[in-house]
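What follows is a set of notes on a single structure, which appears directly below.
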Amino acid sequence: QKEVEQNSGPLSVPEGAIASLNCTYSDRGSQSFFWYRQYSGKSPELIMFIYSNGDKEDGRFTAQLNKASQYVSLLIRDSQPSDSATYLCAVKGEGAQKLVFGQGTRLTINP
Amino acid sequence: GAVVSQHPSRVICKSGTSVKIECRSLDFQATTMFWYRQFPKKSLMLMATSNEGSKATYEQGVEKDKFLINHASLTLSTLTVTSAHPEDSSFYICSARDQVSRAVGEQFFGPGTRLTVL
Chain B
39 QKEVEQNSGP
49 LSVPEGAIAS
59 LNCTYSDRGS
69 QSFFWYRQYS
79 GKSPELIMFI
89 YSNGDKEDGR
99 FTAQLNKASQ
109 YVSLLIRDSQ
119 PSDSATYLCA
129 VKGEGAQKLV
139 FGQGTRLTIN
149 P
Chain X
6 GAVVSQHPSR
16 VICKSGTSVK
26 IECRSLDFQA
36 TTMFWYRQFP
46 KKSLMLMATS
56 NEGSKATYEQ
66 GVEKDKFLIN
76 HASLTLSTLT
86 VTSAHPEDSS
96 FYICSARDQV
106 SRAVGEQFFG
116 PGTRLTVL
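These protein sequence lines are chains B and X, in that order.
The working numbering applies: residue 39 is where the first sequence begins, and numbers increase by one.
The working numbering applies: residue 6 is where the second sequence begins, and numbers increase by one.
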């Protein structure tokens with residue numbers, strides 16, 4: 039079983055709709071959870087992180103964390119074609135230096 | 006803030022030569038830097054973690070004699086691919102973290118270096 043799992047997609051969402059990206063993780067001691075966006079041929083850029091159960095909102099993005107279910111998600115409201123990218127979920131374990139990345143979900147927003 | 010640069014952005018070299026890639030934190034002190042490689046349409050693969058002033062910690066399966074990492078200052082880490090071969094062709098990306106982000110763990114990525122070995 040992979041430590042961090044994401045549906046590789048592709049996930050197609052019409053412009054203006056809500057895109058929902060999901061991620062599960064296996065280490066119950068995980069402390070911090072990150073969402074990165076990576077455009078084709080570019081390096082990842084941090085969208086947001088979350089470490090407390092519940093929701094965290096930043097503009098059109100909302101991260102949701104449920105530690106009991108070992109599940110973290112990212113919602114993108116009012117999706118734009120510029121949101122088309124691969125979204126990487128990353129998890130930091132307790133006391134760990136490194137992040138463990140999922141394989142990424144490729145999101146396409148259709149005009 | 007939290008800007009990380011990499012140089013060069015793209016390099017083409019002949020098989021058997023060595024290539025050095027630099028990673029710099031421009032507006033913060035990077036106590037820890039990470040080196041990743043990424044193949045097309047694949048996720049990031051962590052190669053090694055380096056803390057300033059100490060030896061890098063390599064992930065299992067990564068040859069430390071082939072991928073030399075130096076983190077001599079709080080703003081600079083280098084990755085040298087020694088005796089490069091075509092199978093070393095990949096997208097190499099560094100990331101950095103400072104003392105402030107250490108507890109949470111967020112990493113800031115450089116723009117990456119695309120290495121092609123002929």
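All C-beta atoms, glycine included, are put in the ideal place defined by N, C-alpha and C.
- Taking the Cα of B/Glu132 as reference, the smallest distance to any Cα among B/Thr146, B/Gln69 and B/Gly97 is reached at B/Gln69.
- In the structure shown, the three-state DSSP call for B/Pro149 is coil.
- In the displayed model, X/Pro45 falls within coil according to three-state DSSP, outside both helix and strand.
- Taking a beta-carbon distance threshold of 7 Å, B/Phe99 does not count as an interface residue toward chain X.
- Here DSSP, grouped into helix, strand and coil, assigns B/Glu132 to coil.
- Beta-bridge analysis with DSSP links B/Glu95 to B/Thr100.
- In the structure shown, B/Pro119 falls within a helical segment according to DSSP collapsed to helix, strand and coil.
- Note that the region 117-128 of chain B does not touch the region 70-81 of chain X; fewer than 3 beta-carbon pairs, one per stretch, sit closer than 8 Å.
- Chain order gives the chain X residues near B/Leu137 as Gly110 and Gln112, where near means a beta carbon separation below 7 Å.
- Within the same chain, Thr100 and Gln102 come within 6 Å of B/Asp93 by CB-CB distance, once the 5 residues on both sides are set aside.
- Rounded to whole angstroms, the gap between the alpha carbons of X/Ala35 and B/Ala128 is 20 Å.
- Close partners of B/Gly142 in chain X (Cβ separation under 8 Å): Ser48.
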